[in-house]
Amino acid sequence: MSMVFARRSLLLVFAFILGTTALAKLAYSDEPGIRRIGVLYRYVNQTAESGLRDGLHELGYIEGRNIAIDWRREANPTDEKLRSIVIEWARLHTDVIVAFGTPEARVALQATTVPVVFVAGDPVGTGLAESLARPGGRGTGVSMLNRELAGKRMELLKQIAPGLQRIAFLMNSTNPLDMRMLAEAQGSARTLGIKLAVFDARTASELDARLRTMSRNETAALLVSNDQLFLGNRAKITQTARKARLPAIFPFKEYHEDGALMSYGPSVTEGTRKAAAYVDKILKGAPPGDLPIEQISKSELVIDVKTAKALGITIPDSVLLRADEVIR
99 MSMVFARRSL LLVFAFILGT TALAKLAYSD EPGIRRIGVL YRYVNQTAES GLRDGLHELG
159 YIEGRNIAID WRREANPTDE KLRSIVIEWA RLHTDVIVAF GTPEARVALQ ATTVPVVFVA
219 GDPVGTGLAE SLARPGGRGT GVSMLNRELA GKRMELLKQI APGLQRIAFL MNSTNPLDMR
279 MLAEAQGSAR TLGIKLAVFD ARTASELDAR LRTMSRNETA ALLVSNDQLF LGNRAKITQT
339 ARKARLPAIF PFKEYHEDGA LMSYGPSVTE GTRKAAAYVD KILKGAPPGD LPIEQISKSE
399 LVIDVKTAKA LGITIPDSVL LRADEVIR
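Residue 99 is where the sequence shown starts when you use this note's numbering, and the numbers rise one by one after that.
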């Protein structure tokens, strides 16, 4: 009997600790002077998180002291799931929603009246804002300029593989930015005299299927869109490209953590760090629709010559000289 009593006592102690911890979290987030921020994105992205945290810290915001941040990482979420999250935030009187990605920003703007700071590729072209100078409505933030870069990435692939005849474009048709990137890529393919094969993946299971098909097909090179589904599965994609010996170009430097050949695009860290400044201005009373959207004007070209050597590719000196970083 004493052992049973001891076990029950131990369980009660654990229950008490868990309960008081939950109450403490609730109490701190409701504490006067603490502002609520909800961050919505897909997959773990330490670079994006660090950029936002560092930017907020530089502006005097510290989690648990004067801000409470609810980080919501949702893998392959439906619009209904995203909508339920932002509606919950509105009910909890969240002050600002930070949305990484166009689909996330769109749902946040449609489902609540909470101000939204987005980090997105083409906010005007995808309907998130009326203009860069005056967004209007409840949203503003940072434009990552991804759509316009699709053609330049294809040109880089052609430069490192002059005989290139076919490029596979890995995209997500549910992302409105990707559809605009597709139009850009199709135009560039006609100019370069290259056949563009579209590999549409909207979920993780569809991505697996497309990668299997890609490894069996006569794909000559790979162009990857900036959708977060692919960033969250970057190891799988880069490994497929390497195994199939495909020259591949990616939108973000983060892909090099898994051995990517080449990337060309804006800095995720810079974009999310700049988003912190918008959060600060909105928390101080500025209407988001009056805050001009900032465009990330610089794109970084990163080349991994070790991967190039493994693939049997010789990167021309003219391309290496243009690189912001060469991994050796």
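Beta carbons are placed, not taken as given, at the ideal position from N, Cα and C, and that holds for glycine.
Going by Cα to Cα distance, which pick from Q326, G357, I195, R171 is closest to G237?
-> I195
Report the rounded CA-to-CA distance for Q144 versus L138, giving the unit in angstroms.
-> Computed Cα separation, rounded: 14 Å.
Quick one: is I401 buried, meaning 16 or more other Cβ sit within 10 Å of its Cβ, or exposed?
-> buried
Return the chain-ordered list of same chain residues with a C-beta closer than 7 Å to the C-beta of K341, the five sequence neighbours on each side being excluded.
-> For K341, where only same-chain residues beyond five positions count, the Cβ hits under 7 Å are S313.
I292 and I258 closer than 8 Å at C-beta | Judged by beta-carbon spacing, I258 lies beyond the 8 Å limit of I292, meaning their Cβ atoms are not closer than that value.
Would DSSP call T210 helix, strand or coil?
-> In the three-state reduction of the DSSP assignment, T210 falls in the coil class, being assigned neither a helical nor a strand state.
Indicate whether the contact test is met: 3 or more Cβ pairs, each with one atom in the stretch 316–324 and one in the stretch 344–360, closer than 8 Å.
-> yes
Taking the C-alpha atoms as reference points, what is the distance between E355 and A188?
-> Looking at the two C-alpha atoms, the distance is approximately 37 Å.
Fully enclosed by the stretch 381–417, which beta strand (DSSP E) runs are 3 residues long or longer?
-> 398–402
Alpha carbon to alpha carbon, how far is T200 from P221? Give it in angstroms, no decimals.
-> 7 Å
In the DSSP assignment, find the unbroken beta strand (DSSP E) run with S361 in it and report its ends.
-> 360–363
Considering only the beta carbon of each residue, do K179 and E186 sit closer than 8 Å?
-> no
Coarse secondary structure for F350, derived from DSSP in three states = coil
Pick out the complete alpha helix (DSSP H) segments inside the stretch 159–206, 4 residues or longer, and give them in chain order.
-> 177–189
Name the residue from L154, P175, K351, D177 whose alpha carbon lies nearest to the alpha carbon of A166.
-> L154
In whole angstroms, what is the alpha-carbon distance linking I135 and G239?
-> 15 Å
Taking contact to mean at least 3 C-beta pairs separated by less than 8 Å, is the stretch 201–214 in contact with the stretch 354–373?
-> no
Residues that DSSP places opposite Y139 in a beta bridge = R171
Indicate whether the contact test is met: 3 or more Cβ pairs, each with one atom in the stretch 260–276 and one in the stretch 298–307, closer than 8 Å.
-> yes
Supposed contact pair G219 and N324 - C-beta distance, whole angstroms, cut 8 Å | That pair is a contact at about 6 Å.
So what does DSSP say about L419, is it helix, strand or coil?
-> L419 falls in the coil class under three-state DSSP.
Starting from L329, follow the alpha helix (DSSP H) in both directions and report where the run begins and ends.
-> 326–330
Residue from Y159, L305, T224 whose Cα sits closest to the Cα of N273 = T224
According to the neighbour-count rule (16 or more other Cβ atoms, all chains shown, within 10 Å of its Cβ), is E228 buried or exposed?
-> Exposed: under 16 other Cβ atoms inside 10 Å.
Nearest-angstrom Cβ-Cβ length linking K404 and R426, presumed shorter than 8 Å = 7 Å
Straight-line CA distance for T176 to S416?
-> 44 Å
Distance between beta carbons of I394 and P414, contact taken as under 8 Å = Contact doesn't hold; Cβ gap of about 27 Å is too wide.
7 Å CB neighbourhood of T338 in its chain, flanking five on each side removed = Here the set comprises L309, M312, S313.
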